[in-house]
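First the structure, in the form of structure tokens, and then the observations on it.
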């Protein structure tokens with residue numbers, strides 16, 4: 001974990017880097033604050049200390065024999081604006097990890113390590129430590145190591161209090177276990193895993209709807225008692241890695257997975273399907289979290305726009321042959337994951353996703 005900024009040229013007036021708005025001491029303090037947090041994410045293959053020029057990972061020590069590396073990167077999007085405005089910084093790091101590692105597991109890969117990029121106008125070591133604590137928590141949930149990152153203090157680039165996050169995850173899968181499997185067929189069953197809420201997509205629309213509602217981030221959440229609107233909307237993205245890897249390994253029956261992010265069902269599910277098949281989704285099978293009903297009603301958002309912008313209650317889908325559904329459901333249940341039957345694959349090539357039933361918004 002290093003700290004880097006653009007230097008200011010010195011002159012006869014004896015300007016210092018600190019006078020230019022960059023506090024190297026604050027950066028060094030942040031590194032010291034987060035060392036024990038980062039250390040807590042160690043796993044087989046990663047046991048180094050942050051502060052060097054690069055992070056190391058030993059694939060052999062992680063137990064792989066013929067691995068294929070899988071990489072993903074992502075950010076948190078404008079959900080960060082809510083965290084900044086609400087002054088809540090210890091959960092967006094979980095979102096950052098989730099958006100990356102969930103993209104790895106859909107290809108059958110086990111997340112191995114994670115790096116972050118944290119950019120800010122003026123560094124506050126306590127705020128930075130809160131953010132990294134969330135990143136570490138996400139790594140623990142995913143079973144991957146936080147092996148490094150970059151903290152960039154850039155005065156003039158970001159307004160006071162604003163910051164941005166990006167994450168980079170690398171995983172591995174044995175060569176013969178990559179997903180999708182290539183044998184998806186008509187009649188295969190589509191299972192859905194519940195989301196925790198909005199996750200980390202569609203927040204430009206969320207923020208516009210909140211603006212229309214006239215509510216502040218510290219107002220009581222209309223859709224969840226006992227918490228503020230800001231805290232409710234900052235509920236972290238679910239990390240599906242451990243239950244899915246357990247189900248993949250126990251049953252060897254999951255043919256494909258799709259992470260339901262921006263673009264919802266119509267844009268994400270077809271990414272893992274053959275061109276001659278359509279996912280027929282029964283919308284009435286979805287238990288829609290109250291936040292989506294509030295967003296749809298308050299913003300007057302139509303059903304199809306909701307389904308293309310948000311996950312609407314399903315954060316991950318799995319495709320399984322009919323004869324293996326019960327085994328996969330049981331494997332997921334053993335990991336505390338309740339999945340629902342969402343639909344089936346049908347032989348139709350003119351639409352990637354087709355809907356039946358009513359979405360209970």
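In the UniProt record's numbering, the protein residues as written are 1 to 361. Note that the Cβ used here is the ideal one computed from N, Cα and C, for glycine as well.
Item to check | residue 79 versus 115, 191 and 230, residue with shortest Cα-Cα distance | outcome: The shortest C-alpha separation from residue 79 is found at 230.
Checklist entry - Between residue 351 and residue 342, what straight-line distance do the alpha-carbon atoms span, to the nearest angstrom? => result About 17 Å.
Item to check | Own chain residues within Cβ distance below 7 Å of residue 259, not counting five before or after | outcome: Hits under 7 Å: 102, 103, 106, 268 and 316.
Next on the checklist: Looking at residue 109: is its Cβ nearer than 7 Å to the Cβ of residue 197?
Outcome noted: Against a cut-off of 7 Å, the Cβ pair of residue 197 and residue 109 comes out as no contact.
Item to check | Identity of the residue in 274, 83 and 66 nearest residue 348 by Cα | outcome: Residue nearest to residue 348 within the set 274, 83 and 66 is 274 (criterion: CA-CA distance).
Next on the checklist: Between which two residues does the alpha helix (DSSP H) holding residue 329 run?
Outcome noted: Boundaries of the alpha helix (DSSP H) harbouring residue 329: 325-334, taken from the DSSP string.
Checklist entry - residue 148 lies in the alpha helix (DSSP H); which residues open and close that run? => result First-last for residue 148: 145-153, but that is the beta strand (DSSP E), not the alpha helix (DSSP H).
Item to check | Buried/exposed call for residue 238, threshold 16 Cβ in 10 Å | outcome: Around the C-beta of residue 238, 16 or more other C-beta atoms lie within 10 Å, and the residue is accordingly described as buried.
Checklist entry - CB-CB under 7 Å to residue 222, same chain, minus the five flanking residues each way: which ones, in chain order? => result Within the same chain, Cβ atoms closer than 7 Å to the Cβ of residue 222 are found at 294, the five residues on either side in sequence being excluded.
Item to check | Residue range of the beta strand (DSSP E) that includes residue 114 | outcome: Note, residue 114: beta strand (DSSP E), 110-120.
Checklist entry - How should residue 161 be labelled, buried or exposed, when 16 other C-beta atoms within 10 angstroms of its C-beta is the threshold for buried? => result That one is exposed.
Next on the checklist: By DSSP's criteria, residue 356 is part of a beta bridge. Which residues make up the other side?
Outcome noted: Beta-bridge pairing by DSSP links residue 356 to 282.
Checklist entry - Where residue 362 and residue 111 are concerned, what is the direct C-alpha to C-alpha distance, given to the nearest angstrom? => result The structure shown has nothing for residue 362, since the chain only spans 1 to 361.
Item to check | Assigned exposure category for residue 66 - 16 Cβ within 10 Å defines buried | outcome: In summary, residue 66 is exposed, with fewer than 16 beta-carbon neighbours lying within 10 Å of its beta-carbon over all protein chains present.
Checklist entry - So what does DSSP say about residue 222, is it helix, strand or coil? => result The three-state secondary structure of residue 222, taken from DSSP, is coil.
Checklist entry - Whose CA, out of 276, 57 and 220, lies closest to the CA of residue 45? => result If we check each option's Cα against that of residue 45, 57 comes out closest.
Next on the checklist: 7 Å is my cut-off, CB to CB: does residue 104 come that close to chain C?
Outcome noted: In the structure shown, chain C does not exist; there is a single protein chain.
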